[in-house]
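Read the structure below first, then the notes.
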Amino acid sequence: GWPILHIQWLFLVLAVLLEQAGFKATSYVMRDAALENDPELMNLQDLRILSAKGWDIGNHTTTHNDDGNLTDEATLATLRRDYLENQQWIIDNIGSPGAWHAAYPSGRYSEQLIDILKDIGVRTARTTREENQLIPITE
3 GWPILHIQWL
13 FLVLAVLLEQ
23 AGFKATSYVM
33 RDAALENDPE
43 LMNLQDLRIL
53 SAKGWDIGNH
63 TTTHNDDGNL
73 TDEATLATLR
83 RDYLENQQWI
93 IDNIGSPGAW
103 HAAYPSGRYS
113 EQLIDILKDI
123 GVRTARTTRE
133 ENQLIPITE
């Protein structure tokens with residue numbers, strides 16, 4: 003069978019290939035996953051390398067919290083904290099302008115979450131849902 007490729011190695015190889023072709027990319031990351039030092043995930047050093055190559059390192063919450071479509075007060079408070087803490091971690095540890103851009107875990111979002119992201123300074127947000135996002139993140 004094929005050997006298992008480590009995601010970490012794969013991303014760094016792809017970064018070189020993209021760089022050779024003149025492209026940059028964005029990687030949306032989770033603080034807690036980057037700090038685990040799991041060989042199958044990118045760690046802080048990997049993210050710094052990608053950032054130095056011109057990649058944006060964007061916000062994907064601290065823990066891949068995919069409750070973005072829920073609108074109860076407690077969940078919204080948790081989402082706010084998860085996005086804000088991850089944003090600050092990216093700024094403090096990578097310094098990437100990508101910290102002001104987010105990708106919704108599992109593509110889930112609500113109008114209330116968009117308002118929270120606007121409030122913490124997020125400029126753009128992406129979904130993986132195969133539908134039109136009717137509520138823009140910016141005016």
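Using the working numbering, the first residue of the sequence shown is number 3, and each one after it goes up by one. Beta carbons: idealized from backbone N, C-alpha and C, even for Gly.
- Exclusion of the five residues before and after His62 leaves Tyr30, Val31, Met32, Asn88, Ala104, Ala105, Pro107 as the residues of its chain whose Cβ lies within less than 8 Å of its Cβ.
- Counted as a single uninterrupted DSSP element, the beta strand (DSSP E) harbouring Tyr30 occupies residues 28 to 31.
- Ranking Arg125, Ala23, Gln114, Leu43 by CA distance to the CA of Asp69 puts Gln114 first.
- Burial is judged here by how many other beta carbons sit within 10 angstroms of a residue's own beta carbon; Asn67 has at least 16 and is buried.
- If one requires a minimum length of 3 residues, the beta strand (DSSP E) runs lying completely within the region 83 to 124 are 103 to 105, in chain order.
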